[in-house]
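Asks: Numbering of the sequence shown is given in the numbering used here, commencing with residue 1 and proceeding in unit increments.
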Amino acid sequence: MDNPLETPRLVLRPFTAADADQLIALHNDAEVMRYLNGGKPVPRERILGETLPRFVRGGFHAAVEKSSGGFIGWFHLRPPKGGPADELELGYRLHRAAWGKGYATEGSLALIDKAFGELGARRVFAQTMAVNLRSRRVMEKCGMRLVRTFSEDWPDPIEGAEQGEVEYELRLEHRHPASP
Numbered sequence: 001m002d003n004p005l006e007t008p009r010l011v012l013r014p015f016t017a018a019d020a021d022q023l024i025a026l027h028n029d030a031e032v033m034r035y036l037n038g039g040k041p042v043p044r045e046r047i048l049g050e051t052l053p054r055f056v057r058g059g060f061h062a063a064v065e066k067s068s069g070g071f072i073g074w075f076h077l078r079p080p081k082g083g084p085a086d087e088l089e090l091g092y093r094l095h096r097a098a099w100g101k102g103y104a105t106e107g108s109l110a111l112i113d114k115a116f117g118e119l120g121a122r123r124v125f126a127q128t129m130a131v132n133l134r135s136r137r138v139m140e141k142c143g144m145r146l147v148r149t150f151s152e153d154w155p156d157p158i159e160g161a162e163q164g165e166v167e168y169e170l171r172l173e174h175r176h177p178a179s180p
């Protein structure tokens, strides 16, 4: 997605090198990272040398709140590595200040509409830890259905990993377009 995508309250735009400080702050908030790495700080060097360049290459979208112009997090919509091009993975990570305001659902619905309407997807899916109830609720609000619970063999498991991971999906034939 090269062009920004607008929702009523958000602009989802391509990442640039100028987003480094905002990305570093987001990925170093222990509560934001709780279900990703147990809340451990992510080294600045890794974000600048690996994460940001990957985000700039594509598939990741900086989320900007229209009313304030502030960076509130990011979304991604992309085929999984080695997966079919018509099955897109949805993901999101937002600052705590943006939690509970419907931004994750709003941005996700816009990307789901784009996936099915413009990108030719037949399936959109998302995964999270089973214990991440907030993220699971966003998936449900987007019309996604739980399709499996599975376990990953993590080298450094975090609290809640013993309950496994979940995958939600929305298939083209079950999709109901988002309402404004």
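Glycine is no exception: its CB is placed at the ideal position from the N, C-alpha and C atoms.
Let me check understanding here. Comparing Cα to Cα, which of LEU26, GLU106, LEU23 and ASP86 lies closest to THR7?
Replies: Counted from its first residue, the sequence shown places residue 7 at position 7. Comparing Cα positions, the closest option is GLU106.
Asks: In whole angstroms, what separates the C-alpha of VAL131 from that of LEU109?
Replies: On the sequence shown, residue 131 is found 131 positions in, with the first residue counted as 1. On the sequence shown, residue 109 is found 109 positions in, with the first residue counted as 1. Approximately 22 Å, taken between the alpha carbons.
Asks: Going by alpha carbons, who is nearest to VAL124 out of VAL147, PHE71, PRO14 and GLY160?
Replies: Counted from its first residue, the sequence shown places residue 124 at position 124. Among VAL147, PHE71, PRO14 and GLY160, the Cα nearest to that of VAL124 belongs to VAL147.
Asks: Would the beta-carbon of TRP74 fall within 8 Å of that of ALA63?
Replies: Translated into positions along the sequence shown, residue 74 becomes position 74. Translated into positions along the sequence shown, residue 63 becomes position 63. The answer is yes: Cβ separation under 8 Å.
Asks: What's the call for VAL138, buried or exposed, on a 16-neighbour Cβ count within 10 Å?
Replies: Position 138 of the sequence shown, counted from the first residue, corresponds to residue 138. VAL138 should be labelled buried.
Asks: Threshold first: 4 residues or longer. Then list the alpha helix (DSSP H) segments lying entirely within the segment 29-101, N to C.
Replies: Segments of the alpha helix (DSSP H) lying fully in the segment 29-101: 34-37 and 52-57.
Asks: Can you tell me whether VAL166 is helix, strand or coil according to DSSP?
Replies: Position 166 of the sequence shown holds residue 166. Of the three classes helix, strand and coil, the one that applies to VAL166 here is strand, per DSSP.
Asks: Label LEU133 either buried or exposed according to how many other C-beta atoms from any shown protein chain fall within 10 Å of its C-beta, with 16 as the threshold for buried.
Replies: Residue mapping note: residue 133 aligns to position 133 of the sequence shown, counting from 1. It is exposed - the Cβ of LEU133 has fewer than 16 other Cβ atoms within 10 Å.
Asks: PHE15 by DSSP, collapsed to three states: which one?
Replies: Here the question's residue 15 lines up with position 15 in the sequence shown. Residue state, collapsed to three classes: coil.
Asks: Taking the beta carbon of PHE150 as the centre, do at least 16 other beta carbons fall within 10 Å, making it buried, or is it exposed?
Replies: On the sequence shown, position 150 is the one that residue 150 refers to. With fewer than 16 Cβ atoms within 10 Å of its Cβ, PHE150 is classed as exposed.
Asks: I need the DSSP call for ARG171, collapsed to helix, strand or coil.
Replies: Here residue 171 refers to the residue found at position 171 of the sequence shown. ARG171: strand per DSSP, three-state reduction.
Asks: By alpha-carbon positions, which one of ARG93, LYS141 and GLY100 ends up nearest to ILE112?
Replies: Numbered from its first residue, the sequence shown carries residue 112 at position 112. Selected option, being the one with the closest Cα: LYS141.
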